[in-house]
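Enquirer: Sending over a structure as structure tokens; questions will come in a sec.
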Amino acid sequence: MKYTTDMKEVKEFGLVKSVLYNFVLSIFITLALAVVAIYAFGLKLDVVLSDSMATTFYKDDIVVIKAFDDYNEGDIIEFQLGELKSPVTHRIVKKEGSGKSAVFTTKGDAVQDEDFATINYSQINGKVIAIAQDGNSIYRFVKSNYFLLIDIVLGVWVLTSTLSNEKEMRGHNIAKV
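One point on numbering: in numbering that gives the first Met the number 0, the residue at position 142 of the sequence shown is 141, and numbering is uninterrupted.
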């Protein structure tokens, strides 16, 4: 087969298309693996809903939570408080007792008064082990129920498109640069 200008354009377009597909695929695979890794290690992601912990973290920051067997004064914990649907993330300022029978008093770093209710061990979701600032939009995307489905569908599509594109290019002897 004779190498023409048309073949050169097809080769360049196919190469660009293949690179873009592989780039998109690698992004989705990386995001999916990150989410799976986070949950596989018993971690939880949550968005901070207020500035009560200002200077440590702010509203819309993402906190990474991990459950522990014991919590101490100074730890920042996420807990469920009574009837509130959303968890609260505050610092332990006082601990009475030990182990799973301990009772904790908490307080936000940005407020002067302690929280009005004490917390028992069973109300604690875990301790903050990492903070990602200003990540609410990323978090909402990752946490959406459709993320993994979209990731799988796009991944399969990109993979099959890349393989069929490369097979077609090899049929024209233009797969190699």
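Even glycine gets a Cβ: it sits at the ideal position worked out from N, Cα and C.
Using 8 Å for Cβ pairs, my map puts Ile-64 next to Val-127. What's the rounded Cβ distance?
Expert: Contact flag correct, Cβ pair sits at about 6 Å.
Enquirer: Could you check which residue in Phe-22, Thr-104, Ile-76 and Ser-97 has the C-alpha nearest to that of Ala-66?
Expert: When each option's Cα is compared against that of Ala-66, the closest is Ile-76.
Enquirer: Please state if the CB of Ser-51 and the CB of Val-92 are separated by a distance shorter than 9 Å.
Expert: Cβ distance not < 9 Å, so Val-92 and Ser-51 don't count as in contact.
Enquirer: Could you pull out every residue in the same chain whose Cβ sits closer than 8 Å to the Cβ of Ala-129, ignoring the five residues on either side in sequence?
Expert: Here the set comprises Val-62 and Val-63.
Enquirer: Can you give me the C-alpha to C-alpha distance between Asn-21 and Lys-58, rounded to a whole angstrom?
Expert: Roughly 36 Å between the two C-alpha positions.
Enquirer: How big is the Cα-Cα spacing for Val-179 and Val-87?
Expert: Here the chain comprises residues numbered 0 to 176, so residue 179 is not present and cannot be evaluated.
Enquirer: Within the continuous beta strand (DSSP E) that includes Phe-78, where are the two ends?
Expert: Its beta strand (DSSP E) spans residues 75-78.
Enquirer: If I measure Cβ to Cβ from Glu-113 and keep anything under 8 Å in the same chain, skipping five residues before and after, which residues do I get?
Expert: Val-92, Lys-93, Thr-104, Thr-105 and Lys-106, listed in sequence order.
Enquirer: Could you tell me which of Thr-55, Glu-82, Gln-79 and Lys-84 sits nearest to Gly-73, measuring between CA atoms?
Expert: Ranking Thr-55, Glu-82, Gln-79 and Lys-84 by Cα distance to Gly-73 puts Thr-55 first.
Enquirer: Would you say Phe-40 reaches chain D, if we count a Cβ-Cβ gap shorter than 9 Å as a contact?
Expert: No chain D appears in the structure shown, which is made up of a single protein chain.
Enquirer: Pull up the distance between the alpha-carbon of Ile-28 and that of Ala-39, whole angstroms please.
Expert: Roughly 16 Å separates the two Cα atoms.
Enquirer: Is the separation between the beta-carbon of Asp-60 and that of Ser-97 shorter than 9 Å?
Expert: Cβ atoms of Asp-60 and Ser-97: not closer than 9 Å.
Enquirer: Give me the Cβ distance between Leu-80 and Ala-116, rounded to the nearest whole Å; I'm assuming they're in contact under 8 Å.
Expert: Indeed they touch by this definition, with Cβ atoms about 6 Å apart.
Enquirer: By how many angstroms is the C-alpha of Phe-78 removed from the C-alpha of Ala-53?
Expert: Those two C-alpha atoms are separated by around 18 Å.
Enquirer: So, for Lys-43: in the same chain, excluding its five sequence neighbours on each side, which residues have a beta-carbon less than 6 Å away from its beta-carbon?
Expert: Ile-64.
Enquirer: Which residue wins for smallest C-alpha separation from Tyr-120, given the options Val-155, Glu-95 and Ala-31?
Expert: Of the listed residues, the one whose Cα sits closest to Tyr-120 is Glu-95.
Enquirer: With distances taken from CA atoms, which of Arg-90, Ile-123 and Asp-108 is nearest Lys-99?
Expert: Of Arg-90, Ile-123 and Asp-108, the residue nearest in Cα terms is Ile-123.
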